[in-house]
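Residue numbers for the sequence shown follow this note's numbering, so the first one is 161 and each next one is one higher. Remarks on the structure that follows.
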Amino acid sequence: MTHPMRHHGQPPRRPNIGITPDWSEAAPGTSFARYELKVSYAEAVLRAGGLPFVLPYTDDPTCVEAYLDRVSGVLITGGAFDIPPEAYGETAREGMGAMKEGRTTFETALMRAALKRNMPVLGICGGMQLLNVVLGGTLYQDIGREMQEVREHEQKHDRTQPQHPVDVRDNSLLAEAVGRGQLMVNSTHHQAVKKLGNQVVSSAVSPDGVVEAIESTAHAFALGVQWHPEYMLNNLPVHAGIYKVFIHKARDYRR
């Protein structure tokens, strides 16, 4: 595909980025369920040079494909809910949180279809956990109950501030985004990656052994991070690199 010549100094084209919203049922005394999206996700995409679009849920595969015809990257967001353990061959144990089956069904279909196209996918927090499950991996249903000597991963203080360090693996997509070595991150999860998915590698680990970032070696860009970089763009600007690399790959995907 050819593009008209750009004038000198014109900013690069903004690739369309599909973002999955959260969902909440109708509050008492109201009639309607709501889609919800934290402003920080859209702001991070805009600041990195992308054009964000919210994708309402659908169970129609043709609608999923139509969404993907119109975007160049998919951002799977986090939320206060857990993936149904049946998705990775288990049944619920003590410690499982609330689930949102409709949301997970849609995000799974969207992610599978995007990966099939080799479209860039970024998973944040629960989105990282879904990426691992979609690629054949499993999760700890509750790290406090299932992992030995694990630290607190649901921070109580301001989430724009970090909670603990992670060690970023050299020669990874994540290192391309934020640099290798130690990185301070925030932490808002009670589940974590257990068995890595097929052709999935860990690209960051916390000192207590929790996998904090994953990426697929079978795709051009399929990255998941267990923390929320979009919350820390002002306090720790290095985290903007995750969104910048994602947007760069999305721009390359559809030139």
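Built from N, CA and C at the ideal position, the CB exists for glycine as well.
Practice item. Could you name the residues of the same chain whose beta carbon sits closer than 7 Å to that of residue 396, not counting the 5 residues immediately before and after it, in chain order? Key: 322 and 344
Exercise for review: Report back the beta-carbon spacing between residue 184 and residue 193 to the nearest angstrom; my notes put them in contact at under 8 Å.
Suggested key: 7 Å
Check your understanding: By a C-beta neighbour count over all protein chains shown, 10 Å radius and 16 as the cutoff for buried, is residue 346 buried or exposed?
Key -> buried
Point to revise | Per-residue burial, residue 228 [other beta carbons within 10 Å of its own, 16 or more giving buried] | key: The residue in question, residue 228, is buried, as its Cβ has 16 or more Cβ neighbours within 10 Å.
Point to revise | Separation of residue 287 from residue 415, as counted between CA atoms | key: Each residue's CA atom was taken as its position, placing residue 415 and residue 287 some 26 Å apart.
Review point. Could you give the residue range of the beta strand (DSSP E) that holds residue 333?
Key: Element bounds for residue 333: not the beta strand (DSSP E) but the alpha helix (DSSP H), 333–338.
Point to revise | Cβ shell of residue 224 (< 6 Å), same chain only, five flanking positions each side left out | key: 269, 270 and 273
**Study point:** Segment contact, 8 Å Cβ cut-off, at least three pairs: the stretch 317–337 with the stretch 279–293
**Key:** Touching, no.
Exercise for review: Go ahead and label residue 304 buried or exposed: buried means 16 or more other beta carbons lie within 10 angstroms of its beta carbon, across all protein chains shown.
Suggested key: Residue 304 is exposed by the Cβ-count criterion.
Exercise for review: Go ahead and pull the three-state DSSP assignment for residue 266.
Suggested key: helix
Check your understanding: Can the beta-carbon of residue 338 be found less than 8 Å from the beta-carbon of residue 401?
Key -> yes
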